[in-house]
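Engineer: Before I ask anything, let me first share the structure, which is written out below as structure tokens.
Residue numbers (my numbering): 863 to 958.
Here it is, written out as structure tokens:
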């Protein structure tokens with residue numbers, strides 16, 4: 863994120879981008895993950911109910927599933943259960 867901000871700032875300084883044109887798409891285009899699809903589902907193991915600042919921008923509209931088991935104990939059935947949980951959710955993409 864910091865590198866994206868620096869790159870965008872440099873382009874504003876050089877009049878390549880105007881401040882008024884900076885939007886979500888401009889930011890996305892300057893992230894290291896720019897060529898990857900959006901994250902739909904994030905599965906967090908380890909029993910923690912937090913994302914630890916992991917891909918904060920990229921998971922803004924993702925569904926989160928927190929599992930109280932350690933990564934080495936994560937099996938296909940846990941993945942399947944997370945997918946089923948994901949399918950039951952009504953995705954709002956930031957809307958209430």
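From the three backbone atoms N, C-alpha and C, an ideal C-beta is built for every residue, glycine too.
Keep in mind that this is a model prediction, so the values were computed, not measured.
Who are residue 903's beta bridge partners in DSSP?
Structural biologist: Residue 903 is bridged to 925.
Engineer: Ordered along the chain, which non-local residues of its own chain (more than five positions away) have a Cβ less than 6 Å from that of residue 933?
Structural biologist: Closer than 6 Å at Cβ, skipping near neighbours: 907.
Engineer: Thinking C-beta only, is residue 870 closer than 8 Å to residue 838?
Structural biologist: Residue 838 falls outside the range modelled here, since the chain spans only 863 to 958, and no answer is possible.
Engineer: Tell me the DSSP secondary structure of residue 952 in three-state form.
Structural biologist: Correct three-state label for residue 952: coil.
Engineer: Does the beta-carbon distance from residue 927 to residue 903 come in below 8 Å?
Structural biologist: Yes, these two residues count as a Cβ contact at 8 Å.
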